[in-house]
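Order-wise, the sequence lines are chains A, B, C and D.
Mind the numbering: the first sequence is residues -13 to 217 in the numbering used here, read in order.
Mind the numbering: the second sequence is residues 9 to 47 in the numbering used here, read in order.
Mind the numbering: the third sequence is residues -1 to 218 in the numbering used here, read in order.
Mind the numbering: the fourth sequence is residues 481 to 694 in the numbering used here, read in order.
For each residue, glycine too, the CB sits at the ideal point set by N, CA and C.
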Amino acid sequence: MSRHERWAAVAVGLMVVAGAAIFLYAPTDYLQGPVQRIFYLHVSSAIAAYGCFTVVLIGGLVYLRRESLVADRFARAGAVVGVVFTTVTLVMGMLWAKPIWGTYWTWDARLTSTLVLWMIYAGYLLVRRLADPGRQAARIAAVVGIFGFVDVPVVHFSVTWWRTQHPGPVVVNDALPPEMLATFLLTMACTLVLAAVLIAIRYRIETLSDERMHLAEEVKVITAPEPRMAP
Amino acid sequence: MTYLIVAYVFAVALLGGFLGWSLRRLRELEGPTSSGLRR
Amino acid sequence: MNPVRVAIAVARKDLKSEWRTRELVPALAQFVVLALLIGNFGFQVDTRNASAIAPGILWFALVFAGLVAFGRTFAAEREQASLEAMLMTPASPVAIFAGKAMAATVLLVLCEVVLLPALTLFFGTPLGADVVAAVLLATVGMAALGVLFAAIVARVRARELLLPLLTLPLWIPFIVAGGQAVQSAMGLPGSYQEAMGLLLDFDILFVVLTSLAARFVLDE
Amino acid sequence: MSFVVANGLTHWFGRDLVLEGVDLVVDTGEHMAVLGDNGAGKTTLLRILATALRPTAGRLQIAGLDAFREKRRLRHHVGYLAHAPGLYPALSAVENLEFFCDLQEVSRTRVEEALDVVGMTSAAHRRADQLSRGMQQRLAIARAILHEPRLLVLDEPDASLGEDAAELLTRVTQGKTVIMATHDRALANRLCPRTLELRHGRSHGTATRLHVVT
């Protein structure tokens, strides 16, 4: 059991605790009924996703500043974990919207900017895979990561502003009763731990595959037709 | 009610699957093949 | 190194090359008119819903014409390996980027010179100075982003696929604000001043950001 | 006084090791030829020496300056001829050179001089895409010497130049420090007293010409 596997076990344990709180401890919402329990993980994974993309942003900025491979690896790790959490957020959001608003999708600011977030960082992962590995991929991915991070609040703002131009049904979410708030805070904390563990694991994977990429070459070069030790 | 179940089943499947897949990939990379090279 | 002179030299070179070959603008003009044609049949536009649908068709045509134009800005450079020759001079990458962005903006405006009158002709929507101002203001910010991302994907495989995927999400604020500006200019509800103010903010934000990023993208 | 000092130049392209631990010293005014078959790493080495490419590892000093940090300042003194001519097809020879004059911040009188040195004055107003491959190569050489650089890095300059290549290159490289990659050993012998042999990204022997060739 490597230390990463131990951390993973801890994270899973915490999520089980959060799950128990969500389904057993938290009261049922009198207005929306049991489906309201989607809220806990839906919002927690959105926050975790934003956290991951902050890691991508900082990794990108540090890489552009000092070309440190460590920063680039964190950015790579943060991006892929962030996309996973954004996917969870989107799907749960739609599954929650259907029973409440009758449609899977409404162009409200949060959902729209989360969708844009997903597309930008899916594009980030694609750019990273298509560019030649090494400095070029890291540099342009850093720029994409930074622009992506800036674009999300801008999209969120412009869609909210669009709402003011077209007054429509507004989703009122009133303050949470204490038990719900406690469950939410617990779920959020556990989700953030899971995100951190996932990033640590992905970081380790990136480090090893970087080394493996160079390690593989050393073997190839030494066995080149003209071995170094020729008399 | 079913939406609630489907939502959480999906979340557990995706997050769990991603965690499992990453751990397996990690085990591969740290496994015998790479340490053999570092002899 | 006087960056303004460099930027103007780069812009002039691009526009002179385009004028000599005349391949991009005619193609874009045709493309845009076809987009309006499709829009007309796709949305069953009539006098009643014209001012609601026409702005949408306008932005669709503009976005895809823009993607084609920006894809081309660096294609020629890459084929001739002249991008490297340009970067091998002491000229600063930001100035070179500014020059490419200016040239691309001019090409897009030329394309709009065909698009806007055609829109009025086909859909009977008004073509006032306010509509033109909104489209021009949005073009500036969209061009800055378009050229930067064209530079980013210039040396990457499957670049035609990547350019839209990376650029469109960043163009969304311009389409939201620009769309609203054109709609209110055509008599629909919504404040024209607010939309134009927003467009100006986005222009400033993204022109500054793209200039800062140019140094990292147009290098080596 | 050594004009170019490089040690331990190593470069990976993704998973492929292209250059490994190349060291070389070129004194001011000296001409060095880089020999080696295709894929030996000639182009990569020259791109690094011309400050067009930053290697994965290694150090490079040109005219006493750190080539990676002072890249932009050094480009006043480096003339680089790449594999591909890199010209604007729709622009004429003169227009191409005038454009690069503006970027190099050099007066446009240099255009005629450069065209004259490479013998392109007669075709000055023809569009670049209507020039023969040899003429395009001459125009690219004209561009490389436009700003009168002290160091010339030429990647196979003799390509498609025809029989007067040696005579033209002698004229162009007069009084400059030159690093030239080529396949033509005879040309290398005539122009460059020193040669560097590249095999599989590693340099063998930077001794004087007499040793390496015999």
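Between L56 of chain C and chain A, is the shortest Cβ-Cβ distance under 8 Å, so that the two count as touching? no
One question on the structure: do R462 of chain D and A543 of chain D come within less than 8 Å of each other, judged by their Cβ atoms? Any answer about residue 462 of chain D is impossible in this case: the structure gives chain D only from 481 up to 694.
Answer with yes or no whether the minimum CB distance from D137 of chain A to chain C is below 8 Å. yes
For chain D, find out if any of its Cβ atoms is closer than 8 Å to the Cβ of D196 of chain A; answer yes or no. Closer than 8 Å: no.
Residues in its own chain within less than 8 Å of W104 of chain A by CB, not counting five upstream and five downstream? V69, T72, T73 and L76
Just verifying my parser: in three-state terms, what is the DSSP assignment at F18 of chain B? Helix.
According to DSSP, is V3 of chain A part of a helix, a strand, or is it coil? Here V3 of chain A sits in helix by DSSP.
Kindly identify the DSSP beta-bridge partner or partners of H511 of chain D. D:V658
If you pair each beta-carbon of the stretch 593 to 605 of chain D with each one of the stretch 106 to 118 of chain C, do three or more pairs fall below 8 Å? no
Hey, would you say Q122 of chain A sits closer than 8 Å to R10 of chain C, going by beta carbons? Not a contact, by the Cβ cut-off of 8 Å.
Using 8 Å as the cut-off, can you tell me whether the stretch 144 to 153 of chain A makes contact with the stretch 42 to 52 of chain A, which would need three or more C-beta pairs spanning the two stretches below that distance? no
Give the secondary structure of S587 of chain D by DSSP, where H, G and I count as helix, E and B as strand, and everything else as coil. coil
Would a C-beta distance cut-off of 8 Å place M174 of chain A and I33 of chain A closer than the cut-off? yes
Can you find a CB in chain D that lies within less than 8 Å of the CB of D58 of chain A? Not one chain D Cβ lies under 8 Å of D58 of chain A.
How is the beta strand (DSSP E) around A537 of chain D delimited, first residue to last? A537 to I542
Contact criterion: CB-CB distance below 8 Å. Does Q541 of chain D meet it with respect to chain C? At a cut-off of 8 Å between beta carbons, Q541 of chain D makes no contact with chain C.
Could you confirm whether any beta carbon from chain D is found closer than 8 Å to the beta carbon of V4 of chain C? yes
According to DSSP, is D503 of chain D part of a helix, a strand, or is it coil? strand
Here's the rule I'm using: 16 or more other beta-carbon atoms within 10 Å means buried, otherwise exposed. How should V206 of chain C be labelled? exposed
Is P213 of chain A close to chain C? Criterion is C-beta to C-beta, closer than 8 Å. Here the model assigns P213 of chain A a pLDDT of 38, short of 50, so the residue's position is not dependable, and the following value carries that caveat. Chain C, which has no Cβ nearer than 8 Å to the Cβ of P213 of chain A, makes this no.
Using a cut-off of 7 Å between C-beta atoms, extract the partners of M100 of chain C located in chain D. Under the 7 Å cutoff, chain D gives no residues; its nearest Cβ is about 15 Å from M100 of chain C.
Determine the direct distance from the alpha carbon of L671 of chain D to that of G109 of chain A, and round the result to whole angstroms. Rounded to the nearest angstrom, the two C-alpha atoms are 51 Å apart.
Interface positions of the stretch 38 to 68 of chain A facing chain B (Cβ-Cβ less than 9 Å), listed along the chain: Hits within the stretch, in order: V66 and V67.
Could you pull the DSSP bridge partners for S30 of chain B from this structure? Beta-bridge partners of S30 of chain B (DSSP): none assigned.
Report the residue ranges of all beta strand (DSSP E) runs contained in full by the stretch 599 to 678 of chain D; include only those spanning at least 3 residues, in chain order. 631 to 635 and 657 to 661
With respect to the beta strand (DSSP E) encompassing S482 of chain D, which residues constitute its N-terminal and C-terminal limits? S482 to F493
Limits of the alpha helix (DSSP H) - the one that V112 of chain C falls within: P91 to F121
Considering only C-alpha positions, which residue in the set C:A96, C:A127 and C:G176 is nearest to G195 of chain C? C:G176
For A486 of chain D and E75 of chain C, I'd like the C-alpha separation in whole angstroms. 30 Å
If we cut at 8 Å on Cβ distances, does D118 of chain A have a partner in chain D? Closer than 8 Å to the CB of D118 of chain A there is at least one CB belonging to chain D.
Can the beta-carbon of E636 of chain D be found less than 8 Å from the beta-carbon of A661 of chain D? yes
Quick test of your reading: P53 of chain C and M184 of chain C, contact by CB under 8 Å. State the CB separation rounded to the nearest angstrom. 7 Å
When you compare only the Cα positions, how much space is there between L23 of chain B and R23 of chain A? 18 Å
Kindly indicate the opening and closing residues of the alpha helix (DSSP H) around V66 of chain C. A48 to Q78
Is it true that the CB of F68 of chain C sits closer than 8 Å to the CB of G144 of chain C? yes
Beta-carbon contacts of P162 of chain C that lie in its chain and below 8 Å, excluding the five residues immediately before and after: Excluding sequence positions up to five before and after P162 of chain C, its CB lies within less than 8 Å of the CB of L65, all in the same chain and listed in chain order.
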